[in-house]
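At position 199 of the sequence shown the residue is numbered 199 (the UniProt record's numbering), and the sequence of numbers has no breaks.
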Amino acid sequence: MLVSFTLCKQTMSLPHKPPGELKSNFFRPRLEKEKVVIIMGATGTGKSRLSIDLATRFPAEIINSDGTRHNDQEDPEEERCGVPHHLLGEISPYTDFTATDFVDMASHAMDSVLSGGRVPIIAGGWNSYIEALVDDEDFQFRSRYKCCFLCVHVAMPVLHQCVSERVDKMVEMGMVDEVRTFFDANANYAVGIRKAIGVPELDRYFRAEPYLDKQQRGKLLQEAIQEIKRNTCKLACRQLEKIHRLRNKKNWKIHMVDATEVFGRRGKDADEAWEKLVAGHSTEIVAEFLYNFSSQKSDPGH
1 MLVSFTLCKQ TMSLPHKPPG ELKSNFFRPR LEKEKVVIIM GATGTGKSRL
51 SIDLATRFPA EIINSDGTRH NDQEDPEEER CGVPHHLLGE ISPYTDFTAT
101 DFVDMASHAM DSVLSGGRVP IIAGGWNSYI EALVDDEDFQ FRSRYKCCFL
151 CVHVAMPVLH QCVSERVDKM VEMGMVDEVR TFFDANANYA VGIRKAIGVP
201 ELDRYFRAEP YLDKQQRGKL LQEAIQEIKR NTCKLACRQL EKIHRLRNKK
251 NWKIHMVDAT EVFGRRGKDA DEAWEKLVAG HSTEIVAEFL YNFSSQKSDP
301 GH
């Protein structure tokens, strides 16, 4: 279960061009590389929200790149703003979904999206899957596709606090009962959704629950929740380290979009900051990438 703050946006007006020019620019000769947008970032930074924002402003569909997001409830239909999603709700939560599986399924999904004259937006936190797709051994991906990499960045101290609040919110919304449906005393926690953060941490609680009184259960549950928070923060650090390696060691041209200020605000102020600093800025980057519109601002990702 994930807490979503997605707000459906109306299609944003792009810089003025004569009628028909956007369409003619978009449907380029097939001799040119197809274009793909890839959204990265640590857990909880708003990758899903940004992918939907962009997919409502450009002719695009979203391809999920998170191997533990197996069910549609994690991105409810009403929060997708009518944007088609691929690799979400298509994978059994009890199977081991490998990077090889992702590359195969994502490749087919990209072909399907592109054949409809739309842009694939790949979004998710499993950077190893994205690396396997982009830097394949035969360089087939790079020879066929041109990528625009976006990374939603939030300063770690701020993100860690938000992770804590987010886990508390998930618990309020029924995370424990949802995870309970996956509990099996003989299960393999290295396969499928059972290896996702939030499932193994609650295992000890579920095993002991029938034998404890109310106070003991509450104490053990709080210990499990704190472990979920710690492991989520550790995951965020690993994800950011991986992105830095791709950018600094492998020279991926990743546009870093700073959302730190957004997470320090609440309500309408947060939405306005998101639009200005994240969605709006990313829209400019993607418009320049897709349609060769000249940006008025310099971008550190270039």
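From the three backbone atoms N, C-alpha and C, an ideal C-beta is built for every residue, glycine too. Owing to the predicted nature of the structure, the values given are computational and were not obtained by experimental measurement.
Next item on the list: Take the Cβ of residue 56 as the centre, count every other Cβ of all protein chains shown within 10 Å, and call the residue buried at 16 or more, exposed below.
Entry: buried
Note to self: Check for me: the beta strand (DSSP E) holding residue 150 runs from which residue to which?
What the structure shows: 145-153
Notebook entry, point to check: With contact counted as at least three CB pairs below 8 angstroms, one residue from each stretch, are the region 153-167 and the region 125-141 in contact?
Noted result: no
Item checked: Any beta strand (DSSP E) of 3 or more consecutive residues that is wholly inside the region 51-124 -> 60-64 and 119-123
Notebook entry, point to check: Is DSSP giving residue 41 helix, strand or coil here?
Noted result: strand
Notebook entry, point to check: Are the CB atoms of residue 64 and residue 125 nearer to each other than 8 angstroms?
Noted result: no
Note to self: Rounded to the nearest angstrom, what separates residue 59 and residue 279 at their Cα positions?
What the structure shows: 16 angstroms
Notebook entry, point to check: Can you tell me where the beta strand (DSSP E) with residue 156 in it begins and where it stops?
Noted result: That residue, residue 156, is in no beta strand (DSSP E); its alpha helix (DSSP H) goes 156-172.
Next item on the list: Compute the Euclidean distance between the alpha carbons of residue 272 and residue 194, then round it to the nearest angstrom.
Entry: 37 angstroms
Check: Does any C-beta atom of chain D lie closer than 8 angstroms to the C-beta of residue 64?
Finding: The structure shown has no chain D; it contains just one protein chain.
Margin query: Whether or not the region 93-103 and the region 132-143 are in contact is what I'm after, with contact meaning three or more pairs of Cβ atoms, one per stretch, closer than 8 angstroms; do they touch?
Written below: yes
Note to self: Can you tell me whether residue 111 is buried or exposed? The criterion is at least 16 other CB atoms within 10 Å of its CB, across all chains shown.
What the structure shows: exposed
Check: Taking the alpha carbon of residue 244 as the point to measure from, which residue in 150, 276 and 284 has its own alpha carbon closest?
Finding: 150
Check: If you pair each beta-carbon of the region 277-291 with each one of the region 177-195, do three or more pairs fall below 8 angstroms?
Finding: no
Notebook entry, point to check: Exposed or buried, what is residue 205 when buried is set at 16 or more other beta-carbons lying within 10 Å of its beta-carbon?
Noted result: buried
Next item on the list: Go ahead and pull the three-state DSSP assignment for residue 258.
Entry: strand
Check: Just checking, does the region 39-46 make contact with the region 228-241 on the three C-beta pairs under 8 angstroms criterion?
Finding: yes
Next item on the list: Report the rounded CA-to-CA distance for residue 94 versus residue 293, giving the unit in angstroms.
Entry: 45 angstroms
Notebook entry, point to check: Rounded to a whole number of angstroms, what is the C-alpha to C-alpha distance between residue 249 and residue 82?
Noted result: 38 angstroms
Checklist line | Sequence-distant residues of the same chain with beta carbon closer than 6 angstroms to residue 270, five excluded per side | finding: 262
Checklist line | Where residue 268 falls: helix, strand or coil (DSSP) | finding: helix
Notebook entry, point to check: In three-state DSSP terms, what is residue 179?
Noted result: helix
Check: Where does the unbroken alpha helix (DSSP H) through residue 194 begin, and where does it stop?
Finding: Segment: none, residue 194 is in no alpha helix (DSSP H) and carries neither H nor E.
Check: Closest to residue 147 by CA distance: which of 277, 34 and 54 is it?
Finding: 34
Checklist line | As assigned by DSSP and simplified to three states, the class of residue 34 | finding: strand
Notebook entry, point to check: Between which two residues does the alpha helix (DSSP H) harbouring residue 129 extend?
Noted result: 127-134
Check: What are the boundary residues of the alpha helix (DSSP H) that residue 284 is part of?
Finding: 280-291
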